[in-house]
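Participant: Structure in structure tokens, see below.
There are 2 protein chains.
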Amino acid sequence: MSVSPSDPSALAKGVLAGERRALARAITLIESTRPDHREAAEALMHDLLPHTGRSVRIGITGVPGAGKSTFIESFGLHVLAEGKRPAVLAVDPSSPRSGGSILGDKTRMEELSRDARAFIRPSPSGCTLGGVARRTREAMLVCEAAGFDVIVVETVGVGQSETAVADMVDMFLLVLVPGGGDELQGIKKGIVELADAIVVNKADGDLAKAAARAARDYKNALHLLAPSSPHWTVPVLTCSAMERSGIDDVWTMVAGYRDTMDKAGALAERRSAQAHAWMWSEVSETMLQALRDDPRVERLLPDMERAVAEGRMAPGAAARQLVETFRLPLARP
Amino acid sequence: MSVSPSDPSALAKGVLAGERRALARAITLIESTRPDHREAAEALMHDLLPHTGRSVRIGITGVPGAGKSTFIESFGLHVLAEGKRPAVLAVDPSSPRSGGSILGDKTRMEELSRDARAFIRPSPSGCTLGGVARRTREAMLVCEAAGFDVIVVETVGVGQSETAVADMVDMFLLVLVPGGGDELQGIKKGIVELADAIVVNKADGDLAKAAARAARDYKNALHLLAPSSPHWTVPVLTCSAMERSGIDDVWTMVAGYRDTMDKAGALAERRSAQAHAWMWSEVSETMLQALRDDPRVERLLPDMERAVAEGRMAPGAAARQLVETFRLPLARP
Numbered sequence: 001m002s003v004s005p006s007d008p009s010a011l012a013k014g015v016l017a018g019e020r021r022a023l024a025r026a027i028t029l030i031e032s033t034r035p036d037h038r039e040a041a042e043a044l045m046h047d048l049l050p051h052t053g054r055s056v057r058i059g060i061t062g063v064p065g066a067g068k069s070t071f072i073e074s075f076g077l078h079v080l081a082e083g084k085r086p087a088v089l090a091v092d093p094s095s096p097r098s099g100g101s102i103l104g105d106k107t108r109m110e111e112l113s114r115d116a117r118a119f120i121r122p123s124p125s126g127c128t129l130g131g132v133a134r135r136t137r138e139a140m141l142v143c144e145a146a147g148f149d150v151i152v153v154e155t156v157g158v159g160q161s162e163t164a165v166a167d168m169v170d171m172f173l174l175v176l177v178p179g180g181g182d183e184l185q186g187i188k189k190g191i192v193e194l195a196d197a198i199v200v201n202k203a204d205g206d207l208a209k210a211a212a213r214a215a216r217d218y219k220n221a222l223h224l225l226a227p228s229s230p231h232w233t234v235p236v237l238t239c240s241a242m243e244r245s246g247i248d249d250v251w252t253m254v255a256g257y258r259d260t261m262d263k264a265g266a267l268a269e270r271r272s273a274q275a276h277a278w279m280w281s282e283v284s285e286t287m288l289q290a291l292r293d294d295p296r297v298e299r300l301l302p303d304m305e306r307a308v309a310e311g312r313m314a315p316g317a318a319a320r321q322l323v324e325t326f327r328l329p330l331a332r333p
Numbered sequence: 001m002s003v004s005p006s007d008p009s010a011l012a013k014g015v016l017a018g019e020r021r022a023l024a025r026a027i028t029l030i031e032s033t034r035p036d037h038r039e040a041a042e043a044l045m046h047d048l049l050p051h052t053g054r055s056v057r058i059g060i061t062g063v064p065g066a067g068k069s070t071f072i073e074s075f076g077l078h079v080l081a082e083g084k085r086p087a088v089l090a091v092d093p094s095s096p097r098s099g100g101s102i103l104g105d106k107t108r109m110e111e112l113s114r115d116a117r118a119f120i121r122p123s124p125s126g127c128t129l130g131g132v133a134r135r136t137r138e139a140m141l142v143c144e145a146a147g148f149d150v151i152v153v154e155t156v157g158v159g160q161s162e163t164a165v166a167d168m169v170d171m172f173l174l175v176l177v178p179g180g181g182d183e184l185q186g187i188k189k190g191i192v193e194l195a196d197a198i199v200v201n202k203a204d205g206d207l208a209k210a211a212a213r214a215a216r217d218y219k220n221a222l223h224l225l226a227p228s229s230p231h232w233t234v235p236v237l238t239c240s241a242m243e244r245s246g247i248d249d250v251w252t253m254v255a256g257y258r259d260t261m262d263k264a265g266a267l268a269e270r271r272s273a274q275a276h277a278w279m280w281s282e283v284s285e286t287m288l289q290a291l292r293d294d295p296r297v298e299r300l301l302p303d304m305e306r307a308v309a310e311g312r313m314a315p316g317a318a319a320r321q322l323v324e325t326f327r328l329p330l331a332r333p
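Order-wise, the sequence lines are chains A and B. Counting from 1, one number per residue, gives the positions in the first sequence under full-length UniProt numbering. Counting from 1, one number per residue, gives the positions in the second sequence under full-length UniProt numbering.
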């Protein structure tokens, strides 16, 4: 896919007109790491910004084997049936690049990806979570400007990706399966408490009863955790993504959440706090990257990290030495 | 208290000899923000580092009204009775300074503070959590070098202080009271899942039965959360700090945890990962502080933060502009 960074304002017009080709090119531009592309991407974002904010942004995570993709496909198809347009983005810092698209993503949501009103975009390549997160945040805004009503950001649960996704969405949804807690061996600490809603999937056939029981257990357990927001009690729903049952309730719940939080002013507050935190995390990310890229730091770093990890050097002293090395003026020849 | 940064190695010798005055002066030196003091503090830490690591480091948090201070005092007195020496540090980024000591801290643990074998140190002053956390981490190591066997770090639950404390200790302990979950209104999301152990306090008199019930409920709920470590199942104990009952069980549990994690190699691994993360968080903290202190950034920042929070400016663009401003060479007169 070719990128034309030379005219970001034309690209912005295409995105706002709902041109699919422009949308794809805009996101490719955002994902580029070339400095001239970054400048064009910023000009693009500047043009699109006034047209963002009207969707509901949903982060989705789940234990391995929870049927997340099937759930997202069923949910996306239901959103379409409601006359609304879904976009699906993924955050997977480990995903390999294959010409800008991962075959798997399209095939695992076959029906949804065939619908011209939906949009599915695999995770951008990029070694750091920070990079992937930044581009996903921007892609989310581009999709909003392009007229999508529901943005789903899927996390694969690698590294700190759940926290990064929870920090960029309006609502963080945790997909579980009936399994009495054993399934949570695969999930990181703190994720259950991050959730704004829990959905127990696979409530079909032999598992239907177990799913209802799991939902009840989680409802009781959540009672003992800190509330997600003073305006919201975390609900636990069951559904079968495969049989496409219970998905309507999930949609009603999502729409109700957005409405409640919006009226309470909590949605605007959350988004504003997220934008503020995003700015600072990018500042921090950019500065750390510059430090890591400094050849003098690069020479020092491996020995120093080892000494710190082995307790031979105080972390504070190591940090000061790294920063001082970085801030020294470069020697002139 | 006067600080003598001129001879950190003499100070280190005093700390290692267990001189109380040297210990207090060493921590005061660490808490100082003067650049020459910082250099001396680093020399001190360098000398002490080989003598650290032998204690068990316990972080303690709890809901307001859980009786944390009474619990820490009872626990500390029990530790003394076991023939071990406790040190209590506090992390409170909001605490006001009053001559280097907060009166409240001493009076609320009166009996423990009167015992010459124990050491209680209030939170250092400092506006940022990062600053308070760094000094507490170093104070913890100083106490270890001075021969304390049990280091208790108390967090008051302001800002992100629980996470900071959980990231510096071997074991994170959550103190609750019987109350059917309502008490958790006062605690932040994710804290229950951070806990390596839960203690339900106030299991006395009329509340004894409710405490047992709360403990049972929490045990069930924890079953549905991610495990704290593959080597450890998070226990839920009851105690009465006021009546000093059940405290022995807490101590047995703490000692058992340290032993189990140590033998599994998980303690060394956790400490090494913490040291590594500490180094990077200090690098990040130092660089952000330098950026914030830059007069050119200071001029830009207020308008920019407002524009980002109000959605008028893209966070990515704002971040790039801040970093570029900071990295511009200063103009020559």
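Positions of the beta carbon are idealized from the N, C-alpha and C atoms, including for glycine.
1. For the region 43-71 of chain A, which residues have a CB atom closer than 8 Å to at least one CB atom of chain B, in sequence order?
2. Within 10 angstroms of the Cβ of residue 190(A), are there 16 or more other Cβ atoms? Answer buried if so, exposed if not.
3. Run through DSSP, which three-state label would residue 141(A) get?
4. Taking the beta strand (DSSP E) that residue 152(A) falls in, what are its first and last residues?
5. Nearest to residue 9(A) by alpha carbon, out of 43(A), 281(A) and 230(A)?
6. Using a C-beta to C-beta distance shorter than 8 Å, which residues of chain B count as neighbours of residue 209(A)?
7. Would you check if the distance between the CB atom of residue 167(A) and the CB atom of residue 84(A) is smaller than 9 Å?
8. With distances taken Cα to Cα, identify the nearest neighbour of residue 239(B) among 270(B), 66(B) and 39(B).
9. Cα-Cα, which of 57(A), 70(A), 49(A) and 310(A) is closest to residue 247(A)?
10. For residue 59(A), I'd like the list of residues in its chain whose CB is within less than 6 Å of its CB, leaving aside the five on either flank, ordered along the chain.
11. Report the start-end ranges of each beta strand (DSSP E) in the region 163-221 of chain A that is 3 residues or longer and not cut off at the edges.
12. List, in chain order, every chain A residue whose beta-carbon is nearer than 9 Å to that of residue 84(B).
13. Which chain A residues are close to residue 134(B), counting only those with a beta carbon under 7 Å from its beta carbon?
14. Chain A partners of residue 311(B), CB-CB under 8 Å?
15. Give a yes or no on whether the minimum CB-CB distance between residue 263(B) and chain A is below 9 Å.
16. Quick check on residue 202(A): buried or exposed, where buried means 16 or more other Cβ atoms within 10 Å of its Cβ?
17. Against chain A, which members of the region 190-201 of chain B pass a CB distance test of less than 7 Å?
18. With H, G and I counted as helix, E and B as strand and the rest as coil, what does DSSP make of residue 88(A)?
19. Residues in the same chain with beta-carbon distance under 6 Å from residue 56(A), minus the five sequence neighbours each way, listed in chain order, please.
20. Is there contact between the region 308-327 of chain B and the region 268-286 of chain A, where contact requires at least three CB pairs shorter than 8 Å?
21. So is residue 218(B) in contact with chain A if we call contact Cβ pairs under 9 Å?
22. Beta-carbon separation of residue 200(A) and residue 176(A) under 9 Å?
23. Measure the alpha-carbon distance for residue 260(A) versus residue 163(B) and round it to whole angstroms.
24. Does the beta-carbon of residue 179(B), which I'm using as the reference point, lie nearer than 8 Å to any heavy atom of the ligand FAD?
25. Whose C-alpha, out of 299(A), 128(A), 143(A) and 129(A), is nearest the C-alpha of residue 342(A)?
26. Express the C-alpha separation of residue 197(B) and residue 62(B) in angstroms, rounding to a whole number.
27. Please name the residue in 245(B), 221(B), 291(B) and 32(B) whose C-alpha comes closest to that of residue 236(B).
28. May I ask you to report which of helix, strand or coil DSSP gives residue 236(B)?
29. Would you decide whether residue 226(A) is buried or exposed? Buried here means 16 or more other CB atoms lie within 10 Å of its CB.
30. Whole-angstrom Cβ separation of residue 283(B) and residue 322(A), contact assumed at under 8 Å?
31. By a C-beta neighbour count over all protein chains shown, 10 Å radius and 16 as the cutoff for buried, is residue 92(A) buried or exposed?
32. Since residue 195(A) and residue 174(A) should fall inside the 8 Å C-beta cutoff, what is the C-beta to C-beta distance between them, to a whole number of angstroms?
33. Between residue 280(A) and chain B, is any beta-carbon pair separated by less than 9 Å?
34. Taking Cβ positions, are residue 90(B) and residue 64(B) nearer each other than 9 Å?
35. Whose C-alpha, out of 325(B), 308(B) and 307(B), is nearest the C-alpha of residue 298(B)?
36. Taking Cβ positions, are residue 141(A) and residue 161(A) nearer each other than 9 Å?
Facilitator: Looking at the atomic coordinates:
1. From the region 43-71 of chain A, only 45, 46, 49, 52 and 53 have a Cβ closer than 8 Å to chain B.
2. The residue given as residue 190(A) occupies position 190 in the first sequence. Buried is the call here.
3. Taking the first sequence and counting its residues from 1, the one referred to as residue 141(A) is at position 141. Helix.
4. Taking the first residue of the first sequence as position 1, residue 152(A) is located at position 152. Counting along the chain, residue 152(A) sits inside the beta strand (DSSP E) bounded by residues 150-155.
5. Here residue 9(A) corresponds to residue number 9 of the first sequence, with the count starting at 1. That would be 43(A), whose Cα lies nearest to the Cα of residue 9(A).
6. In the first sequence, residue 209(A) corresponds to position 209, counting from 1. Chain B residues near residue 209(A): none, gap ~17 Å exceeds 8 Å.
7. Along the first sequence, read from residue 1 onward, the residue named residue 167(A) stands at position 167. Along the first sequence, read from residue 1 onward, the residue named residue 84(A) stands at position 84. The answer is no: Cβ separation not under 9 Å.
8. On the second sequence, residue 239(B) is found 239 positions in, with the first residue counted as 1. Nearest C-alpha to residue 239(B): 66(B).
9. On the first sequence, residue 247(A) is found 247 positions in, with the first residue counted as 1. In this structure, 70(A) is the residue among 57(A), 70(A), 49(A) and 310(A) with its C-alpha nearest to the C-alpha of residue 247(A).
10. To locate residue 59(A), count along the first sequence from 1; it is residue 59. Answer for residue 59(A): 153, 165, 166, 169 and 172, listed in chain order.
11. 171-176 and 197-200
12. The count along the second sequence starts at 1 and reaches residue 84(B) at position 84. Simply none; closest approach about 22 Å.
13. Locating residue 134(B) in the second sequence gives position 134, where the first residue counts as 1. Ordered by position in chain A, the residues that pass the 7 Å Cβ test against residue 134(B) are 316.
14. Here residue 311(B) is taken as the residue at index 311 of the second sequence, counted from 1. Those are 49, 52, 53, 271, 272 and 275, listed as they occur along chain A.
15. The residue labelled residue 263(B) in the question sits at position 263 within the second sequence. Answer no: the Cβ-Cβ gap between residue 263(B) and chain A never drops below 9 Å.
16. Within the first sequence, the letter at position 202 stands for residue 202(A). So residue 202(A) ends up on the buried side.
17. 190, 191, 192, 193 and 194
18. Reading the first sequence from its first residue, position 88 is the one you call residue 88(A). Under the three-state reduction of DSSP, residue 88(A) is assigned to strand.
19. Working through the first sequence from its first residue, we reach residue 56(A) at position 56. The beta carbon of residue 56(A) sits closer than 6 Å to the beta carbons of 150, 170 and 258 from its chain, once the five residues preceding and following it are set aside; these are given in chain order.
20. yes
21. Taking the first residue of the second sequence as 1, we reach residue 218(B) at position 218. Yes, contact with chain A.
22. Within the first sequence, residue 200(A) is the residue found at index 200, counting from 1. Within the first sequence, residue 176(A) is the residue found at index 176, counting from 1. Closer than 9 Å, so yes.
23. The residue you call residue 260(A) lines up with position 260 of the first sequence. The residue you call residue 163(B) lines up with position 163 of the second sequence. Looking at the two C-alpha atoms, the distance is approximately 30 Å.
24. Absence of the ligand FAD is noted for the structure shown, with no ligands found whatsoever.
25. The first residue shown for chain A is 1 and the last is 333, placing residue 342(A) beyond what the model contains.
26. Counted from its first residue, the second sequence places residue 62(B) at position 62. Counted from its first residue, the second sequence places residue 197(B) at position 197. Each residue's CA atom was taken as its position, placing residue 62(B) and residue 197(B) some 12 Å apart.
27. The residue you call residue 236(B) lines up with position 236 of the second sequence. Ranking 245(B), 221(B), 291(B) and 32(B) by Cα distance to residue 236(B) puts 221(B) first.
28. Translated into positions along the second sequence, residue 236(B) becomes position 236. In the structure shown, residue 236(B) sits in a strand (DSSP, three-state: E or B).
29. Walking along the first sequence from the start, residue 226(A) turns up at place 226. By the neighbour-count rule (16 or more Cβ atoms within 10 Å), residue 226(A) is buried.
30. Locating residue 283(B) in the second sequence gives position 283, counting from the first residue. Locating residue 322(A) in the first sequence gives position 322, counting from the first residue. Confirmed, Cβ separation roughly 5 Å.
31. Here residue 92(A) refers to the residue found at position 92 when the first sequence is read from its first residue. So residue 92(A) counts as buried.
32. Sequence index remark: in the first sequence, residue 195(A) carries index 195 (1-based). Sequence index remark: in the first sequence, residue 174(A) carries index 174 (1-based). Right, the Cβ-Cβ distance comes to about 4 Å (below 8 Å), so this counts as a contact.
33. One-based indexing of the first sequence puts residue 280(A) at position 280. At least one chain B Cβ lies under 9 Å of residue 280(A).
34. Along the second sequence, read from residue 1 onward, the residue named residue 90(B) stands at position 90. Along the second sequence, read from residue 1 onward, the residue named residue 64(B) stands at position 64. Against a cut-off of 9 Å, the Cβ pair of residue 64(B) and residue 90(B) comes out as no contact.
35. As a position in the second sequence, residue 298(B) is number 298, starting the count at 1. Measuring from the Cα of residue 298(B), the nearest candidate turns out to be 325(B).
36. Numbered from its first residue, the first sequence carries residue 141(A) at position 141. Numbered from its first residue, the first sequence carries residue 161(A) at position 161. No, the Cβ-Cβ distance between residue 141(A) and residue 161(A) is not below 9 Å.
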